[in-house]
Amino acid sequence: MNFIVLKKGSIIAILVTILVITVGTIWSLSSKNSYPTVSLSEKTGEKQVIQLVTGEFKSKTADGKEIEAYRWDPGTIVVEKGREVELRIYGVNGMEHPFYIEGTDIKGTVKKGKETVVNVTFSKEGTYRLICEMHETIGKNGPMIAYIVVD
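By the UniProt record's numbering, the letter at position 120 of the sequence shown is numbered 120, and the numbering carries on one by one without gaps.
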């Protein structure tokens, strides 16, 4: 009959390894929450300022055709219901992007190299879409849509 002899140091190393694996597993399984792209400021009453930019992706298909798509970045933002929000949108790609925010009467245009500032307060919870009129569909190099989640 064979016996396995473990020294005190080996036992401690094995226990520490088991502990680390257990804690790591518990942590990874319990952190399934989704986190907003933009965190809400703790100071209520202050205007929430959100920076966005216009972006573009280009690629070529297997047959050599160039394809491109425009987007807002970040693509999803979270804002607080009833709080004044300042959207600061900087034009990086594309000459101009006329836009509107669905469910509101807000319209504007973002031009390359310039910043467009939009102030808005959402009174109803829900998801509002920031839509570029020039790139609303895949056929128009889009969809260039950002989602504003009002919570």
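All residues carry an ideal CB built from backbone N, CA and C; glycine is no exception.
Predicted model only: the values in this text are computed from it and were never measured.
Output the boundary residues of the alpha helix (DSSP H) element that contains residue i.
i	result
V16	8-30
Can you tell me whether DSSP reads residue i as helix, strand or coil?
i	result
I89	strand
K65	coil
E133	helix
G103	coil
Name the DSSP bridge partner or partners of residue i?
i	result
P98	T109
E115	Y90
G5	The amino acid at residue 5 is misidentified as Gly; the sequence shows Val. DSSP lists no partner for V5.
R71	G55
Look at the Cβ atom of residue i, then the Cβ atom of residue j, and state whether they are nearer than 9 Å.
i	j	result
I131	E96	no
G75	T116	no
K81	E125	yes
Q51	V79	no
Around the C-beta of residue i, are 16 or more other C-beta atoms found within 10 angstroms, so that it is buried, or is it exposed?
i	result
M144	buried
A62	exposed
F57	exposed
A13	exposed
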